[in-house]
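A.B. asks:
Protein chains in written order, with the numbering used here: chain H, 2 to 50; chain D, 491 to 730; chain F, 20 to 266.
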């Protein structure tokens, strides 16, 4: 198993980077959806007043 | 027959107006520059500084310096180009003359061509002043291959000017203009830099024009492609 | 037997693409394909005799590279469409594809040296493809910097222009770098005679990896586009609320 650590490093980096990016994106999406819902509710309240 | 000749006359007149506008804009830029000689001075001094600093960085080995000479010259030209474009852009935004010029123009690409020719002329003057100094410091006889060198430099400078002018106009509208211009200009102009450096190095080594033909073809294709592309997208840059 | 598998996969691709319009289905298929790819890489694909176990980096390295090129091609197409149609949707695609392209580009630039070091003995050899990847990284990072985050109609236009120029420059950069340096080892996938240097098991593994990466790319594209569109919707809503409050 010569050069195993290079293989390990390569795959770890790929997976870490992709997972971090995916998690960041979905967290950002969730935050934005929450804010959108709040703002829409606020807009409805203003319109019904 | 009459219809054809009419449309030909319209085309000639149209292109005549276009040419007149290009020349007028070019004359205006050159006249302004001639009064202060600010852009040329900063470009020339910077190019000389780059050459001198590289000389010290590389060391005293004459053979090594001779080998990297063409690279050093073209780096100096690229950086001087960036500097010149930044100064031009700064002066334009200070005077805010761009909108007025655009309104007066029949065809907006006249502005692009004028700016590109101006930039090329500045680079040409910088080259004419810097090459003799490089010849002395690097102990290279440029006169031996002067004709071929002119062709290589002309094509290379044209490429740098086209890309530089385009990105100069884009960077003008961004907040961090000084950072954005080199970031945009330098990577995109890599084919010109590589080909021009190789062509110049081979000419210095004693090769003939036909030996560097493929490098010149590469730069030529780059120039044509980016010139056409620039003319197409220029309207999108300047329109409000 | 393998031929039938290939044909079946190809036929199933089209309804799968249609069904992947659904986000959950897309995510599921992507996870399954990625898992299958990993199993194939480590359990099915034979270890290459000369390069040893490090050769397995190739599957993800080349898949990332192809995905990266596809992403930048998409940026170019979306930029042209944006300038032509002046539609925000195309601009969103361009921005998202550029960002994901830069991510994959970074992965290629990291895995490349990790593969090169044990095989060629050096971390970096200026071979044409890796050099092209480096230059593309520089160009598209400049693209993202040109954008930053605030939506400004002119900035999107400039970015679109850079997106087109960057991709048009690719063959020229490639040609110039090839003339400049000829250390690049002959490509393993396709050699002169048209035969592959890979065994059929390796080729199958590679294709599955490629499909997995493309599915991943489209999933990330969806998520990123959703972020951009949500931000834009937020701005519009805030603007509306402000107007109503003032009025």
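We treat Cβ as the ideally placed atom computed from N, Cα and C, and that holds for glycine. Computed from a prediction, not measured in an experiment: that's the story for all the values here.
#1: Counting only beta-carbon atoms, is residue 674(D) nearer than 8 angstroms to chain F?
#2: Taking the straight line between their C-alpha atoms, what separation do you get for residue 705(D) and residue 189(F)?
#3: How would you write the range of the alpha helix (DSSP H) that residue 600(D) sits in, first residue to last?
#4: Which residue's Cα is closest to the Cα of residue 162(F): 115(F), 218(F), 225(F) and 23(F)?
#5: Please tell me whether residue 630(D) and residue 624(D) are closer than 8 angstroms, where the distance is taken between their beta carbons.
#6: Measuring only the C-alpha atoms, how far is residue 92(F) from residue 83(F)?
#7: Is there at least one non-hydrogen atom of the ligand NAP closer than 7 angstroms to the beta-carbon of residue 597(D)?
#8: Which ranges does the alpha helix (DSSP H) cover as unbroken runs of at least 4 residues, wholly within the segment 55-136 of chain F, from first to last along the chain?
#9: What distance in whole Å lies between the Cβ atoms of residue 512(D) and residue 603(D), which are believed to be in contact at a cut-off of 8 angstroms?
#10: With 8 angstroms set as the bound, which would you pick, yes or no: does the beta-carbon of residue 699(D) sit closer than that to a beta-carbon of chain F?
#11: Which of the three DSSP states, helix, strand or coil, is assigned to residue 141(F)?
#12: Our contact map puts residue 609(D) next to residue 655(D) with C-beta atoms below 8 angstroms; I'd like the distance itself, whole angstroms only.
#13: Output the distance between the C-alpha atoms of residue 151(F) and residue 627(D), rounded to the nearest integer angstrom.
#14: For the segment 145-174 of chain F, which residues have a CB atom closer than 7 angstroms to at least one CB atom of chain D, in sequence order?
#15: With 16 other CB atoms within 10 Å as the buried threshold, where does residue 657(D) fall?
#16: Quick check on the burial criterion: 16 or more other C-beta atoms within 10 angstroms. Buried or exposed for residue 20(H)?
#17: Could you tell me the alpha carbon to alpha carbon distance between residue 44(H) and residue 250(F), rounded to whole angstroms?
#18: Can at least three beta-carbon pairs, one atom from the segment 121-128 of chain F and one from the segment 71-86 of chain F, be found at a separation below 8 angstroms?
#19: Short of 7 angstroms in beta carbon distance, which residues of its chain neighbour residue 588(D), apart from the five on each side in sequence? Order them along the chain.
#20: In terms of residue numbering, what span does the alpha helix (DSSP H) encompassing residue 18(F) cover?
#21: Would you mind reading off the limits of the alpha helix (DSSP H) that contains residue 27(H)?
#22: Along chain F, in chain order, which residues have C-beta atoms closer than 9 angstroms to that of residue 45(H)?
#23: When we look at the beta-carbon of residue 180(F) and count the other beta-carbons within 10 Å, is it buried (16 or more) or exposed?
#24: Run through DSSP, which three-state label would residue 697(D) get?
#25: Would you decide whether residue 13(H) is buried or exposed? Buried here means 16 or more other CB atoms lie within 10 Å of its CB.
#26: So with CB distances below 9 angstroms, who are the chain D contacts of residue 196(F)?
#27: Name the two residues that bound the continuous alpha helix (DSSP H) containing residue 547(D).
#28: State the CB to CB distance for the pair residue 98(F) and residue 158(F), rounded to an integer number of angstroms; the pair is presumed to be in contact (CB under 8 angstroms).
#29: I'd like to know if the segment 678-693 of chain D and the segment 634-648 of chain D are in contact, where contact means that at least 3 CB-CB pairs between them fall below 8 angstroms.
#30: Grab me the residues of residue 111(F)'s own chain with a C-beta within less than 7 angstroms of its C-beta, minus the 5 sequence neighbours each way, in chain order.
#31: How about residue 51(F): is its C-beta nearer than 8 angstroms to some C-beta of chain D?
#32: Looking at chain D, is there any beta carbon in it that lies within less than 8 angstroms of the beta carbon of residue 128(F)?
#33: Between the segment 697-729 of chain D and chain F, which residues of the former have a C-beta closer than 8 angstroms to a C-beta of the latter?
#34: Taking its Cβ as the centre, do 16 or more other Cβ atoms sit within 10 Å of residue 265(F), making it buried, or is it exposed?
#35: Hey, quick one: how far does the alpha helix (DSSP H) through residue 708(D) stretch, first residue to last?
#36: Could you tell me whether any Cβ in chain F is nearer than 8 angstroms to the Cβ of residue 31(H)?
C.D. replies: Concretely, from the data shown:
#1: Stepping through the second chain from its first residue, residue 674(D) is reached at position 184. At a cut-off of 8 angstroms between beta carbons, residue 674(D) contacts chain F.
#2: Start at 1 with the first residue of the second chain, and residue 705(D) comes out as number 215. Start at 1 with the first residue of the third chain, and residue 189(F) comes out as number 170. If you draw a straight line from the Cα of residue 705(D) to the Cα of residue 189(F), it is about 17 angstroms long.
#3: Position 110 of the second chain, counted from the start, is the residue given in the question as residue 600(D). Run containing residue 600(D): 599-628, per the alpha helix (DSSP H) assignment.
#4: Residue 162(F) sits at position 143 when you count from the first residue of the third chain. Checking every option, the nearest Cα to that of residue 162(F) belongs to 115(F).
#5: Position 140 of the second chain holds residue 630(D). Position 134 of the second chain holds residue 624(D). In this structure, residue 624(D) lies closer than 8 angstroms to residue 630(D) by Cβ.
#6: Against the third chain, residue 92(F) aligns to sequence position 73. Against the third chain, residue 83(F) aligns to sequence position 64. Pairing residue 92(F) with residue 83(F), the inter-Cα distance amounts to about 14 angstroms.
#7: As presented, the structure is devoid of all ligands, the ligand NAP included, so that no description of it is given.
#8: With a minimum length of 4 residues, the continuous alpha helix (DSSP H) runs that stay inside the segment 55-136 of chain F are 76-104.
#9: Against the second chain, residue 603(D) aligns to sequence position 113. Against the second chain, residue 512(D) aligns to sequence position 22. Contact holds; Cβ gap of about 5 angstroms.
#10: Numbered from its first residue, the second chain carries residue 699(D) at position 209. It does not: the Cβ of residue 699(D) has no partner Cβ on chain F nearer than 8 angstroms.
#11: The count along the third chain starts at 1 and reaches residue 141(F) at position 122. Residue 141(F): coil per DSSP, three-state reduction.
#12: What you label residue 609(D) is simply residue 119 of the second chain in a count that begins at 1. What you label residue 655(D) is simply residue 165 of the second chain in a count that begins at 1. Contact flag correct, Cβ pair sits at about 6 angstroms.
#13: Reading the third chain from its first residue, position 132 is the one you call residue 151(F). Reading the second chain from its first residue, position 137 is the one you call residue 627(D). Between the alpha carbons of residue 151(F) and residue 627(D) lies a distance of about 34 angstroms.
#14: So the list reads 154, 157, 158, 161, 164, 165 and 173, given in the order they occur along the chain.
#15: As a position in the second chain, residue 657(D) is number 167, starting the count at 1. Of the other Cβ atoms in all chains shown, 16 or more fall within 10 Å of the Cβ of residue 657(D); this residue is therefore buried.
#16: Counting from one through the first chain, the residue named residue 20(H) turns up at place 19. When all chains shown are included, residue 20(H) counts as exposed.
#17: Reading the first chain from its first residue, position 43 is the one you call residue 44(H). Reading the third chain from its first residue, position 231 is the one you call residue 250(F). Distance from the CA atom of residue 44(H) to the CA atom of residue 250(F), rounded to whole angstroms, is 16 angstroms.
#18: Judged by Cβ distances under 8 angstroms, the segment 121-128 of chain F makes contact with the segment 71-86 of chain F, as three or more pairs qualify.
#19: For the purposes of this step, residue 588(D) is identified with residue 98 of the second chain, where counting begins at 1. Closer than 7 angstroms at the Cβ level, and outside the excluded window around residue 588(D), lie 582.
#20: No information on residue 18(F) is available, as it lies outside the stretch 20 to 266 that chain F covers here.
#21: Numbered from 1 along the first chain, position 26 holds the residue referred to as residue 27(H). Its alpha helix (DSSP H) spans residues 5-49.
#22: Along the first chain, read from residue 1 onward, the residue named residue 45(H) stands at position 44. Going along chain F, no residue has its Cβ under 9 angstroms from residue 45(H), so there is no contact; the nearest lies around 11 angstroms.
#23: Translated into positions along the third chain, residue 180(F) becomes position 161. Buried: at least 16 other Cβ atoms inside 10 Å.
#24: Residue 697(D) sits at position 207 when you count from the first residue of the second chain. In the structure shown, residue 697(D) sits in coil (DSSP, three-state: anything other than H, G, I, E or B).
#25: Working through the first chain from its first residue, we reach residue 13(H) at position 12. Exposed, because fewer than 16 other Cβ atoms sit within 10 Å of the Cβ of residue 13(H).
#26: Numbered from 1 along the third chain, position 177 holds the residue referred to as residue 196(F). Within chain D, the residues 680, 681 and 684 have their CB atoms less than 9 angstroms from the CB of residue 196(F), given in chain order.
#27: For the purposes of this step, residue 547(D) is identified with residue 57 of the second chain, where counting begins at 1. Run containing residue 547(D): 528-548, per the alpha helix (DSSP H) assignment.
#28: For this step, residue 98(F) is matched to residue 79 along the third chain. For this step, residue 158(F) is matched to residue 139 along the third chain. Not a contact, Cβ separation roughly 13 angstroms.
#29: By the Cβ criterion, the segment 678-693 of chain D is in contact with the segment 634-648 of chain D, since at least three pairs of Cβ atoms, one from each stretch, lie closer than 8 angstroms.
#30: Sequence index remark: in the third chain, residue 111(F) carries index 92 (1-based). Closer than 7 angstroms at the Cβ level, and outside the excluded window around residue 111(F), lie 244, 247 and 248.
#31: Numbered from its first residue, the third chain carries residue 51(F) at position 32. Taking 8 angstroms as the threshold, the shortest C-beta distance from residue 51(F) to chain D does not fall below it.
#32: In the third chain, residue 128(F) corresponds to position 109, counting from 1. Residue-level contact by beta carbon fails for residue 128(F) and chain D, as no gap is shorter than 8 angstroms.
#33: Within the segment 697-729 of chain D, the residues whose Cβ lies closer than 8 angstroms to some Cβ of chain F are 704, 705, 708, 711, 712, 715, 716, 719, 723, 726 and 727, listed in chain order.
#34: Position 246 of the third chain holds residue 265(F). Exposed, by the Cβ-count rule.
#35: By 1-based counting over the second chain, the position of residue 708(D) is 218. From DSSP, the alpha helix (DSSP H) with residue 708(D) extends over 703-728.
#36: Here the question's residue 31(H) lines up with position 30 in the first chain. So no, residue 31(H) is outside the interface.
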